[in-house]
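Participant: Numbering (our numbering), first residue to last: 1280 to 1454.
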Ligand SMILES: [Zn+2]
Ligand SMILES: [Zn+2]
């Protein structure tokens, strides 16, 4: 069976789970699935064959095609201009940078998973609190457009890293 046939044959949620696990067990299959996702117009980086099988499968099945329609690639780590402070934010390099490192403001661009860029809201995400979980710092956001709550990890390894003073200023606030 070709990768295309395998992906097409995975119809139910259970099928997808099984095929995702198989891709992780047989990484040789992954490049073909990546090629399939690219054929669907999904913009994937060179390290995509190392991504979890389930995620690649979802991309290859085109479920995130909507993110293309609003003009953003799926695995987005791009430079952008902050909508709040106007600074030019450089790309992170490893993970998708989703907020300004200086004022921490983001945009409501992700729908279900970080980096999917599948939300059509696009309004400003304001940081309202910070939480600590398993030794990591998590920013809690409220969307100025739709009121949704979002959580994004503080990026201390970026260049520049998130401004620590801005993170600390949010401690003690209730989300
Ligand atoms: Zn900013
Ligand atoms: Zn929103």
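Glycine included, C-beta positions come from ideal geometry on N, C-alpha and C.
Keep in mind it's a predicted model, so treat the numbers as computed, not measured.
1) Cβ of residue 1381 versus every heavy atom of ligand 1: is any distance shorter than 7 Å?
2) For the beta strand (DSSP E) that residue 1405 lies in, which residues bound it at each end?
3) On a CA-only basis, which of 1285, 1362, 1380 and 1393 is nearest residue 1311? Give me that one, please.
4) Quick check on the contact list: which residues have their beta carbon closer than 6 Å to a heavy atom of ligand 2?
5) For residue 1379, which of helix, strand or coil comes out of DSSP?
6) What are the boundary residues of the beta strand (DSSP E) that includes residue 1317?
7) Just mark residue 1340 as buried or exposed, buried being the case when its beta carbon has 16 or more other beta carbons within 10 Å.
Facilitator: Quick answer:
1) As a working note, residue 1381 is residue 102 in the chain shown. Yes.
2) Within the chain shown, the letter at position 126 stands for residue 1405. Its beta strand (DSSP E) spans residues 1403 to 1412.
3) Residue mapping note: residue 1311 aligns to position 32 of the chain shown, counting from 1. It is 1285 whose Cα lies nearest to the Cα of residue 1311.
4) 1387, 1400, 1402, 1422, 1424, 1425 and 1427
5) Counted from its first residue, the chain shown places residue 1379 at position 100. Of the three classes helix, strand and coil, the one that applies to residue 1379 here is coil, per DSSP.
6) Indexing the chain shown from 1 puts residue 1317 at position 38. Where residue 1317 is concerned, there is no enclosing beta strand (DSSP E), although the alpha helix (DSSP H) it sits in stretches over 1309 to 1318.
7) Position 61 of the chain shown holds residue 1340. Residue 1340 comes out buried.
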